[in-house]
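Only one structure is covered here, and it is reproduced in the block below.
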């Protein structure tokens, strides 16, 4: 198992952060890591995510939405070619820290037989991608 965790503090309400995070159609306008996203925000629905991690090849990931709790959490599972080889549980938690203050936590947990072979790229490329996304999210939310 390998987990990456990144955070961001944003001067906005959790509802505003949620609105930007769940507006998949606008990802191409602000998100340098997940440049395209589509799918319904209903648990069990399929998501299609175009990932462009720094220093790595872009790829399209298909995931199943596990949780979409408005203003609190967005969580999905992306499985590799075969379940159990390289699976990613991704969670974006939104924590209300008081008036106009929100703490965002992104966690990607990788499990499966291929994790040891991808550990270095997960640590560098994915971490940098999530941190870049956090900075862009903060800028987008605070500018609107």
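Residue numbers (this note's numbering): 1262 to 1405. For glycine and all other residues, C-beta sits at the position ideal for the given N, C-alpha and C.
Straight-line Cα distance separating residue j from residue i
i, j, result
"residue 1377", "residue 1360", "43 Å"
"residue 1278", "residue 1389", "21 Å"
"residue 1333", "residue 1281", "13 Å"
"residue 1316", "residue 1379", "14 Å"
"residue 1349", "residue 1405", "31 Å"
Three-state secondary structure (DSSP) of residue i
i, result
"residue 1405", "coil"
"residue 1344", "coil"
"residue 1362", "coil"
"residue 1306", "coil"
"residue 1371", "strand"
"residue 1329", "strand"
Status (buried if at least 16 other CB within 10 Å, exposed otherwise) for residue i
i, result
"residue 1330", "exposed"
"residue 1319", "exposed"
"residue 1307", "exposed"
"residue 1272", "exposed"
Beta-carbon contacts of residue i that lie in its chain and below 7 Å, excluding the five residues immediately before and after
i, result
"residue 1364", "1268, 1270, 1356, 1358"
"residue 1289", "1296, 1297"
"residue 1397", "1291, 1292, 1293"
"residue 1274", "1361, 1363"
Assumed close pair residue i, residue j - CB separation to whole angstroms, cut-off 8 Å
i, j, result
"residue 1337", "residue 1324", "4 Å"
"residue 1327", "residue 1347", "Not really, about 17 Å apart at Cβ, beyond 8 Å."
"residue 1302", "residue 1283", "6 Å"
Own chain residues within Cβ distance below 8 Å of residue i, not counting five before or after
i, result
"residue 1387", "1265, 1314, 1369"
Own chain residues within Cβ distance below 6 Å of residue i, not counting five before or after
i, result
"residue 1366", "1268, 1354"
"residue 1401", "1281, 1291"
"residue 1352", "1336, 1368"
Minimum Cβ-Cβ distance from residue i to chain E less than 8 Å
i, result
"residue 1328", "The structure shown contains no chain E, having only a single protein chain."
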